[in-house]
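S.K.: Note that full-length UniProt numbering has the sequence shown beginning at 1, numbered continuously upward. Can you read through this structure? Questions will come right after.
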Amino acid sequence: MTVQAALTQFTSSFVSLWQREKGHEPASAELYGVASPCIVSTREERVFWLPQPFDAEASLANVERALDISLREEACAYFTHQFAGDMTARMGGA
C-alpha cells in the first residue's frame, strides 16, 4: 500500500467514525484562526473540516533547502497528499 493510499484510508476512517459518534465533521480548536482549504465552517472558536486534495506542486524543496536536508520520497508523498485537520490515533487500540 502506498503512503497516499494509507493516509486516505486512515483519514476516511477517522472522518467516518467522528461523524458517526458526534454527528458532524471533525472539529479542532487548535486550528481556529488558521487558514486552510479543508475548513468547511467555524463556530465557537473551533473549525470543522473535511479533507481536501493537495492541489499545489507536490514538493518539499523549500523545506529541504531551508533546513539543508534531503527528505525521503515517502515524506513528500505524505505531506503533499491532502489538506486535513488534526487527527489522533492509538496503535493497536491501546
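All C-beta atoms, glycine included, are put in the ideal place defined by N, C-alpha and C.
Which partner residues of Thr42 appear in the DSSP bridge assignment?
M.R.: Val47
S.K.: Distance check for Ala84 and Arg65, CA to CA, integer angstroms please.
M.R.: Straight-line measurement puts the Cα of Ala84 at about 25 Å from the Cα of Arg65.
S.K.: Below 8 Å CB to CB, which residues in the same chain sit around Ser59 once its five sequence neighbours on both sides are set aside?
M.R.: Cys76 and Thr80
S.K.: Report yes if the C-beta distance between Arg25 and Leu50 is below 8 Å; otherwise report no.
M.R.: First, the amino acid is wrong: residue 25 is Glu here, not Arg. Yes, the Cβ-Cβ distance between Glu25 and Leu50 is below 8 Å.
S.K.: To the nearest angstrom, how far is it from the Cα of Ser13 to the Cα of Thr88?
M.R.: 12 Å
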